[in-house]
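2 protein chains.
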Amino acid sequence: MVSTTKPSPFAPTVYAKLPPLEGVRFATAEAGIKYQNRTDLLLAVMDEGTVAAGVLTQSKTCSAPVLQCRASLAAQTGARAVVVNSGNANAFTGKRGKDAVDLTVDYALAATGSADRNGVYVASTGVIGEPLDASKFAGLLTGMANSAVADGFAAAARAIMTTDTYPKLATRTADVGGVTVTLNGFCKGAGMIAPDMATMLCFMFTDACVDQPVLQQLVSRHAETTFNCMTVDGDTSTSDTCLLFATGAAAKRGQTPVTDPADRRLAAFDAALHDLMRDLAIQVARDGEGLTKFVTFEVTGAESWRAGRAIALSCANSPILKTAIAGEDPNWGRVVMAVGKSGEAADRDKLSIWFGPHIVARNGERAAEHLEDTAADYMKNAEIVIRIDVGVGTSSATVWTCDLTHDYVSINADYRS
Amino acid sequence: MVSTTKPSPFAPTVYAKLPPLEGVRFATAEAGIKYQNRTDLLLAVMDEGTVAAGVLTQSKTCSAPVLQCRASLAAQTGARAVVVNSGNANAFTGKRGKDAVDLTVDYALAATGSADRNGVYVASTGVIGEPLDASKFAGLLTGMANSAVADGFAAAARAIMTTDTYPKLATRTADVGGVTVTLNGFCKGAGMIAPDMATMLCFMFTDACVDQPVLQQLVSRHAETTFNCMTVDGDTSTSDTCLLFATGAAAKRGQTPVTDPADRRLAAFDAALHDLMRDLAIQVARDGEGLTKFVTFEVTGAESWRAGRAIALSCANSPILKTAIAGEDPNWGRVVMAVGKSGEAADRDKLSIWFGPHIVARNGERAAEHLEDTAADYMKNAEIVIRIDVGVGTSSATVWTCDLTHDYVSINADYRS
Numbered sequence: 000m001v002s003t004t005k006p007s008p009f010a011p012t013v014y015a016k017l018p019p020l021e022g023v024r025f026a027t028a029e030a031g032i033k034y035q036n037r038t039d040l041l042l043a044v045m046d047e048g049t050v051a052a053g054v055l056t057q058s059k060t061c062s063a064p065v066l067q068c069r070a071s072l073a074a075q076t077g078a079r080a081v082v083v084n085s086g087n088a089n090a091f092t093g094k095r096g097k098d099a100v101d102l103t104v105d106y107a108l109a110a111t112g113s114a115d116r117n118g119v120y121v122a123s124t125g126v127i128g129e130p131l132d133a134s135k136f137a138g139l140l141t142g143m144a145n146s147a148v149a150d151g152f153a154a155a156a157r158a159i160m161t162t163d164t165y166p167k168l169a170t171r172t173a174d175v176g177g178v179t180v181t182l183n184g185f186c187k188g189a190g191m192i193a194p195d196m197a198t199m200l201c202f203m204f205t206d207a208c209v210d211q212p213v214l215q216q217l218v219s220r221h222a223e224t225t226f227n228c229m230t231v232d233g234d235t236s237t238s239d240t241c242l243l244f245a246t247g248a249a250a251k252r253g254q255t256p257v258t259d260p261a262d263r264r265l266a267a268f269d270a271a272l273h274d275l276m277r278d279l280a281i282q283v284a285r286d287g288e289g290l291t292k293f294v295t296f297e298v299t300g301a302e303s304w305r306a307g308r309a310i311a312l313s314c315a316n317s318p319i320l321k322t323a324i325a326g327e328d329p330n331w332g333r334v335v336m337a338v339g340k341s342g343e344a345a346d347r348d349k350l351s352i353w354f355g356p357h358i359v360a361r362n363g364e365r366a367a368e369h370l371e372d373t374a375a376d377y378m379k380n381a382e383i384v385i386r387i388d389v390g391v392g393t394s395s396a397t398v399w400t401c402d403l404t405h406d407y408v409s410i411n412a413d414y415r416s
Numbered sequence: 000m001v002s003t004t005k006p007s008p009f010a011p012t013v014y015a016k017l018p019p020l021e022g023v024r025f026a027t028a029e030a031g032i033k034y035q036n037r038t039d040l041l042l043a044v045m046d047e048g049t050v051a052a053g054v055l056t057q058s059k060t061c062s063a064p065v066l067q068c069r070a071s072l073a074a075q076t077g078a079r080a081v082v083v084n085s086g087n088a089n090a091f092t093g094k095r096g097k098d099a100v101d102l103t104v105d106y107a108l109a110a111t112g113s114a115d116r117n118g119v120y121v122a123s124t125g126v127i128g129e130p131l132d133a134s135k136f137a138g139l140l141t142g143m144a145n146s147a148v149a150d151g152f153a154a155a156a157r158a159i160m161t162t163d164t165y166p167k168l169a170t171r172t173a174d175v176g177g178v179t180v181t182l183n184g185f186c187k188g189a190g191m192i193a194p195d196m197a198t199m200l201c202f203m204f205t206d207a208c209v210d211q212p213v214l215q216q217l218v219s220r221h222a223e224t225t226f227n228c229m230t231v232d233g234d235t236s237t238s239d240t241c242l243l244f245a246t247g248a249a250a251k252r253g254q255t256p257v258t259d260p261a262d263r264r265l266a267a268f269d270a271a272l273h274d275l276m277r278d279l280a281i282q283v284a285r286d287g288e289g290l291t292k293f294v295t296f297e298v299t300g301a302e303s304w305r306a307g308r309a310i311a312l313s314c315a316n317s318p319i320l321k322t323a324i325a326g327e328d329p330n331w332g333r334v335v336m337a338v339g340k341s342g343e344a345a346d347r348d349k350l351s352i353w354f355g356p357h358i359v360a361r362n363g364e365r366a367a368e369h370l371e372d373t374a375a376d377y378m379k380n381a382e383i384v385i386r387i388d389v390g391v392g393t394s395s396a397t398v399w400t401c402d403l404t405h406d407y408v409s410i411n412a413d414y415r416s
């Protein structure tokens, strides 16, 4: 199934090279959950002292692995292992879903020689509603723990793919009080959603030594302006998981712990983490199912950032506007519609709209200098920026998305047939 | 453009025949606003004493005609004329938009020999953002007023069509204290939205004699469970207008006025109005752009009707679920996703799902008796009913929609090119 998907036109030609990072090692394997001849199981093993922060799906029908992560994040007894499988989401699988997670945790504890169930983070992605046979992991995890390597990010990113057409990797460094720390991350998702697949998973690692409450603040805040500002079709998954693990190994190189969110030494790390998450989020939008255009909506003049994001998301999730973009039609009437339906404050008679550098509407009506042909030429670009000034305030927000194409319909109408 | 659209597979073979109704007359004309060789202008003339009730779009970027209707409804000085054009929505046209409405009102007053600007209701549907040349109505409206006929509902319904593939007409009768009254209605819309078109317009007429505040209560309440429970793609228009005019002519036949919403004589009228609005709403969903399936989502076991509707709309607006239905895939995992993302209360472990008569999931997991082939056979039907019990309460709600197809993408990606 995965092989029938055309590569995204935005697939990178060179992937980011993630350097090894002290305190975490990876191993992948072919567990044969659903796919043949590819890896579908990932184990990450972390040194003692690693802390975890993260955000999880708000879905009311979240998967069993999400509940395990939620419990582990709440307990904060230290993170020692992450187990991820692709091919089956273990979502909507009732009591058997929890049993499969419990069994996975059992195996992971045995493999890593630890005893704390809350030290294990589990994520599953793939078909919803099919029982997951976790016994397939039994013979694998111990061997994986023994053979895990620090230089395993690229292989890890591939093992968790579902309908993704490329692995998504990013790396940054930051200075924390004179010590250089590394931030590495990888994620999967061919949009916020993917077919039967349940979708966005993101795992980030750093050797920085930062207290968990501080890390949690950063991840929660940056998720709002990165992953939560990215959409393919507005369909939220049952399994969305975004985790950051900090091994603290930089302490050995002299980095004294950051314990206060107001600590000035945090500034560069904060910025690097935001940049890493933004990079990964954009990589997901650029692999949206069936896309031909990568689209950025910039809203300015909004009452608040939150209102601006709501307006931008209303545009980014509008089927009628996304199909117009696929058709290379500079149809700004549909932008007006999407702004209006968002419910957020906008002054109809001050609304202005730009397609790239070209103003098409100003102060609530068609701009005098708007030339249909110029705007239509702009729409032939692969990367489209639509800016909207809603004329009521001084806040702005940006959302990344893609167009809605015949291929999106084909991928999703024909997926299981 | 309209002619290139394939007729909906649900187009009726016989249209409802709407009987003349004392106190209202219709005329249509070809004003040449955008379309050639078809009527695009409608005038309805009402006798003195007619009252109006209605609901209008909640869009923050609503059109100039919507503002005129809002002012007229607020004034309640009596309704004498309705002017509707198709081909141009007069939306997002700035001051020129208001000028065009004012000019239209001038012509309508001259044509009908009345003086009250608030007695004129105006609606426009078609392309957004293009100035409307209302001077085209100048030579037409007086002649139309003079030639208006009572037996004009069918022609009226055709004059307001845009991408509709069939006119939408319905009629009911009701007994009010021993006197039979008639309710007639027609509407347009090829979904909640249509391409550049701005969309749902509905005009209803009755000879019943009912006080305006009572009528307004009925229309507002029934809009919630009829038009507001219908969606094609979740894109709300700048122009949605739904008006009910009561001429009160039944008083001549002995119907004494209904002034109290608790009046028992209102029961049959109330039910007939709800039924009329439901009929018209369903006709819109059955003409959804590019549809191959008419889909009903029934949610039971919800915390409240409002929560149930939100869950049903979350399903009905999910691109990933609608494409699965187009692909005749009984993909209940996507139903689980859509329930979860609605944000409304649902008990994951009590959730049950039926595709037609076939249970596919029970109490949070795949039903033991679920047979993929049986469910797949059911999905071959043109009319699909998906029922979801969310297991938290006793309320239920129903929403009507259609599938999301390649033709939807074609119609909307290629519309202006």
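Chains as they are written, first to last, in numbering that gives the first Met the number 0: chain A, 0 to 416; chain B, 0 to 416.
Glycine included, each C-beta is placed from N, C-alpha and C at the ideal position.
My output table needs one value for residue i: the three-state DSSP class, helix, strand or coil.
| i | result |
| --- | --- |
| H405 of chain B | helix |
| K97 of chain A | helix |
| V389 of chain A | coil |
| D239 of chain A | coil |
| M336 of chain A | helix |
| L17 of chain B | coil |
| E302 of chain A | coil |
| L40 of chain B | strand |
| M191 of chain A | Reliability fails at M191 of chain A, whose pLDDT of 45 lies under 50, so the model's placement of it is uncertain and the value that follows must be treated cautiously. Of the three classes helix, strand and coil, the one that applies to M191 of chain A here is coil, per DSSP. |
| S313 of chain B | helix |
| V213 of chain B | helix |
| E297 of chain B | strand |
| V257 of chain A | strand |
| S7 of chain A | coil |
| V65 of chain A | helix |
| V231 of chain A | coil |
Report yes if the CB atom of residue i is closer than 8 angstroms to the CB atom of residue j, and no otherwise.
| i | j | result |
| --- | --- | --- |
| V126 of chain A | V104 of chain A | no |
| G128 of chain A | A360 of chain B | yes |
| L40 of chain B | L139 of chain B | yes |
| W399 of chain B | C186 of chain B | no |
| S7 of chain A | D286 of chain A | yes |
| G96 of chain A | A63 of chain A | yes |
Among the options, whose alpha-carbon lies nearest the alpha-carbon of residue i?
| i | options | result |
| --- | --- | --- |
| Y34 of chain A | A:E47, A:N87, A:A26 and A:T12 | A:N87 |
| T255 of chain A | A:K167, A:C208 and A:H357 | A:C208 |
| S71 of chain A | A:D46, A:R116 and A:D101 | A:R116 |
| A80 of chain B | B:R157, B:F204 and B:A30 | B:F204 |
| T224 of chain B | B:H405, B:T397 and B:G31 | B:T397 |
| A30 of chain B | B:N316, B:S395, B:A154 and B:A137 | B:A137 |
| A10 of chain B | B:V408, B:S303, B:A381 and B:L55 | B:A381 |
At a Cβ threshold of 8 angstroms, is residue i touching chain B?
| i | result |
| --- | --- |
| A311 of chain A | no |
| A367 of chain A | no |
| D239 of chain A | no |
| K45 of chain A | Per the sequence shown, the amino acid found at residue 45 of chain A is Met instead of Lys. For M45 of chain A, the answer is no, since every Cβ of chain B falls outside 8 angstroms of its Cβ. |
| L290 of chain A | no |
Report the partner residues of residue i according to the DSSP bridge assignment.
| i | result |
| --- | --- |
| Y120 of chain A | A:V81 |
| M45 of chain B | B:V23 |
| V421 of chain A | For residue 421 of chain A there is no data in the structure shown, the boundaries of chain A being 0 and 416. |
| F185 of chain A | A:L168 and A:F202 |
| R365 of chain B | B:A360 |
| G53 of chain B | B:L242 |
| S341 of chain B | Looking at the DSSP assignment, S341 of chain B forms no beta bridge with any residue, so it has no partner. |
| D174 of chain B | B:T179 |
| W353 of chain B | B:I358 and B:R386 |
Any beta carbon from chain A within less than 8 angstroms of residue i's own beta carbon?
| i | result |
| --- | --- |
| S58 of chain B | yes |
| A158 of chain B | no |
Just to confirm, does residue i get its C-beta within under 7 angstroms of one of the non-hydrogen atoms of the ligand GDP?
| i | result |
| --- | --- |
| A107 of chain A | The ligand GDP is absent from the structure shown, which contains no ligand whatsoever. |
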